[in-house]
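Residue numbers (the numbering used here), protein chains in the order written: chain L, 1 to 76; chain P, 77 to 775.
1) Within the 8 Å Cβ cut-off, does residue 81 (chain P) reach chain L?
2) Please go through the same chain and pick out, in chain order, the residues whose beta-carbon is closer than 6 Å to the beta-carbon of residue 300 (chain P), but skip the five residues on each side of it.
3) List the residues of chain L whose Cβ lies closer than 9 Å to the Cβ of residue 396 (chain P), in chain order.
4) What residues are listed by DSSP as bridge partners for residue 210 (chain P)?
5) Checking contacts by CB at 8 Å: is residue 71 (chain L) closer than that to chain P?
6) Contact criterion: CB-CB distance below 8 Å. Does residue 22 (chain L) meet it with respect to chain P?
7) For the alpha helix (DSSP H) containing residue 257 (chain P), list its first residue and its last residue.
8) Less than 8 Å between CB atoms is the rule here; does residue 58 (chain L) satisfy it with respect to chain P?
9) With residue 633 (chain P) as the anchor, note down where its beta strand (DSSP E) starts and where it stops.
10) Under 8 Å between beta-carbons, which chain L residues line up against residue 94 (chain P)? List them in chain order, please.
11) Would you be able to state if there are at least three C-beta pairs under 8 Å between the segment 266–274 of chain P and the segment 95–110 of chain P?
12) In angstroms with no decimal places, state the Cα-to-Cα distance between residue 203 (chain P) and residue 126 (chain P).
13) Which two residues bound the contiguous beta strand (DSSP E) that contains residue 324 (chain P)?
14) Quick check: what's the CA-CA separation for residue 536 (chain P) versus residue 519 (chain P)?
15) Under a CB-based cut-off of 8 Å, is residue 27 (chain L) close to chain C?
16) Taking the alpha helix (DSSP H) that residue 449 (chain P) belongs to, which residues open and close that run?
17) Taking all protein chains shown into account, decide if residue 53 (chain L) is buried (16 or more other Cβ within 10 angstroms of its Cβ) or exposed.
18) Is it true that the CB of residue 291 (chain P) sits closer than 8 Å to the CB of residue 338 (chain P)?
19) With C-beta atoms as the reference, is residue 709 (chain P) less than 8 Å away from residue 736 (chain P)?
20) Since residue 39 (chain L) meets chain P, which of its residues come closer than 9 Å, beta carbon to beta carbon?
21) Where does residue 669 (chain P) land, buried or exposed, given buried means 16+ other C-beta within 10 angstroms?
22) Using a C-beta cutoff of 8 Å, does residue 157 (chain P) count as contacting chain L?
23) Between residue 190 (chain P) and residue 183 (chain P), which are expected to be in contact by the criterion C-beta below 8 Å, what is the C-beta distance as a whole number of angstroms?
24) Check the Cβ of residue 125 (chain P) against every Cβ in chain L and list those closer than 7 Å, keeping chain order.
25) Check whether the Cβ of residue 74 (chain L) lies closer than 8 Å to any Cβ atom in chain P.
26) Flag this pair as yes or no: are the beta carbons of residue 481 (chain P) and residue 511 (chain P) separated by less than 8 Å?
27) Under 8 Å by Cβ, that's how I've got residue 294 (chain P) and residue 334 (chain P) pegged, so tell me the actual separation to the nearest angstrom.
28) With 16 as the cutoff for other CB atoms within 10 Å, does residue 83 (chain P) come out buried or exposed?
29) Anything in chain L within Cβ reach of residue 245 (chain P), meaning under 8 Å, just list it in chain order.
30) Does the structure place the segment 163–178 of chain P close enough to the segment 113–132 of chain P that three or more beta carbon pairs sit under 8 Å?
31) Could you give the distance in angstroms between the alpha-carbon of residue 151 (chain P) and the alpha-carbon of residue 344 (chain P)?
32) What is the DSSP secondary structure of residue 223 (chain P), counted as helix, strand or coil?
33) Start and end of the beta strand (DSSP E) containing residue 387 (chain P)?
34) For the segment 172–186 of chain P, enumerate the residues whose C-beta is nearer than 9 Å to any C-beta of chain L, in chain order.
35) Do residue 618 (chain P) and residue 665 (chain P) have their beta-carbon atoms positioned less than 8 Å apart in this structure?
36) Using a beta-carbon distance cut-off of less than 9 Å, what residues from the segment 194–211 of chain P approach chain L?
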């Protein structure tokens, strides 16, 4: 097998060998209550009631870090 | 970039039942992503809250842990609209709306590799709550058994790798990976999805074909002609005419190399960039279809521009044959490969007996690979001052640590072809002492008589005279050594006394003269000849030097040489060789006759008027110079002739100053006589007196 045939063959073989892998998987989880308890706010019941939703949003807003306050943050 | 709020896990906690559900979910996720389920672990990162209007523009997650490979997002059941997650990998795209969670019915998840670009689209109503986890691979204690699993396809792959190695023995074969990894992610056990399968396959095949496996970042830089319609336009057109899409033309540069090397366990390798052959890239996407990581277009700027720079980056598994390992490493550049070789050679003395031979063979292979790539150092005809410090300087010393005659012989042969300046005195003497004085006879004779492929005059390099002198001075009483010393001296003298080519006609001795290679080498050559008892050669060289006073000046060469050689020979042999005595006498006579009469200042305005040019203007200049009555003269001449006269005055060091008189047409060159010749004669006279006083006395 000459140089270019070898590489061509290898490229095809490798493509076939690795085709099955996925980059993203998704699905549903069993219905289990995460039991979120926020320090200074208490237990969070899901789905959120209107008042709880407002309180949670207000809480996370007030606990923004300095980094988060920068609009153009580059992290998640 | 984003409009969302997050809560650090220190500020909240989750139920045990939930944590168990997440741990259970991670197993199937690992399998689908092609990761080892027993090693994958979810570590809580943040609680994220998106209220109405919340979003997150496309981004990639930074790897927060050393072994983080993917992200897991769990969207909690709470009513919201919008907020779809879009994940991209190369050309593929996945959009997830999390309907069950958005309807408040059940939690939904998505897991994707950390290098995948993703975004959260705008939430149009409600609150989207999610928990973000980092998926981390715990280190595995047992050796991976992947090689065994991949046995059958690996056999076929191994055959192909063998066939590659047979035609391209020292050319790395590069398997590009689908995902991009940071340097700390470049380890076989941290690879993701299809890359993991590929790595298992390649590693198994490499083992079967006796190849080594490493990981690297592949970097390609393309520089091409490109035109957006601005090429060749005038300055104003350039700004007025609308541009069109860029058309790409010929390629000026195409560099492809591997950087940031690690071994299969992710340990950094101390190598620099290793160049790849584009035909050695094994990739499911052909190299010319790779997507650039960045690009830069420079439009037309008159004398530059109309180029497009494009950079491509991919991670890769790279394979090469074990036997050629050091050929590949040596191709990574002198600084890195030499320092690695030096540390390997230095460790040999501390290596236990069991491992010593294998370590020594590695060092020998590495040394030979470095020798094969030895650079050319043949500048300025081997002048000792022409070599700058370089990492190659310590190579001879480390080569001796390998105790290998054949590699030393190979090195000397390569130096004869390529290097005239690497200092070798102690190296050659040490090598001859270890392996015998005739062990390198052929190579040393070749070295001293070699003439690398160069133009112009080729004097014997100072470096060669220097090691010859050290060789001849060595006190070892050995008949082989004496015989070889005689042969080497004869060859050196033959080269030293080769007829000099005449100086070019434009040459004129300036006031500042640089010492030549031969002048610098002369004392060492004469010492070597005296130490080896080469009386005839000694006479021959001294005679040659005396015949060429311009080449071997009294000031820079002959007098300093006599000053050092006469006391040295007295100390070394108890007497001064007669050849040196007669040379001293001859130099003394020359200096005495030159200092009999002090120069006399001129008594009128007549000055030396011997000029090489016969043109009409030079005839006027000559007549003026010879005229005893006039101090100042004028020569009307056009500009180019005035310049010609100035050149002649400078070249012949005529005793005149010149200025321009801007009157009439053409203008005139005004010449005013000086006493330059007399002043130079006085300086020469005083210098000769100093040289005469400095000459040593022999009874």
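Note that the Cβ used here is the ideal one computed from N, Cα and C, for glycine as well. Treat the numbers as computed from the prediction; the structure is a model and nothing was measured.
Taking the coordinates as given:
1) yes
2) 324, 327, 384
3) Going along chain L, no residue has its Cβ under 9 Å from residue 396 (chain P), so there is no contact; the nearest lies around 14 Å.
4) P:119, P:147
5) Residue placement at residue 71 (chain L) cannot be trusted, given a pLDDT of 46 that sits under 50; the coordinates are not used to answer.
6) yes
7) Element bounds for residue 257 (chain P): n/a, residue is neither H nor E.
8) no
9) Residue 633 (chain P) -> no beta strand (DSSP E), and no H or E assigned at all.
10) 32, 33, 34, 35
11) yes
12) 6 Å
13) 323–339
14) 16 Å
15) Of the chains in the structure shown, none is chain C; the protein chains are L and P.
16) It is not in any alpha helix (DSSP H) - residue 449 (chain P) carries neither H nor E in the DSSP assignment.
17) buried
18) yes
19) no
20) 86, 87, 88, 89
21) exposed
22) no
23) With a Cβ gap of about 22 Å, residue 190 (chain P) and residue 183 (chain P) do not count as contacting.
24) 56, 57, 60
25) Residue placement at residue 74 (chain L) is flagged as unreliable, the pLDDT there being 43, under the threshold of 50; a coordinate-derived value is accordingly withheld.
26) yes
27) 6 Å
28) buried
29) What residue 245 (chain P) touches in chain L: nothing, since even the nearest Cβ is about 12 Å away.
30) no
31) 38 Å
32) The predicted position of residue 223 (chain P) is uncertain, since its pLDDT is 45 and thus under 50; a value taken from the coordinates is nonetheless stated next. DSSP places residue 223 (chain P) in helix when its eight states are reduced to three.
33) 383–397
34) 172, 174, 176, 177, 180, 181, 182, 183, 184, 185, 186
35) no
36) 194, 202, 203, 205, 207, 208
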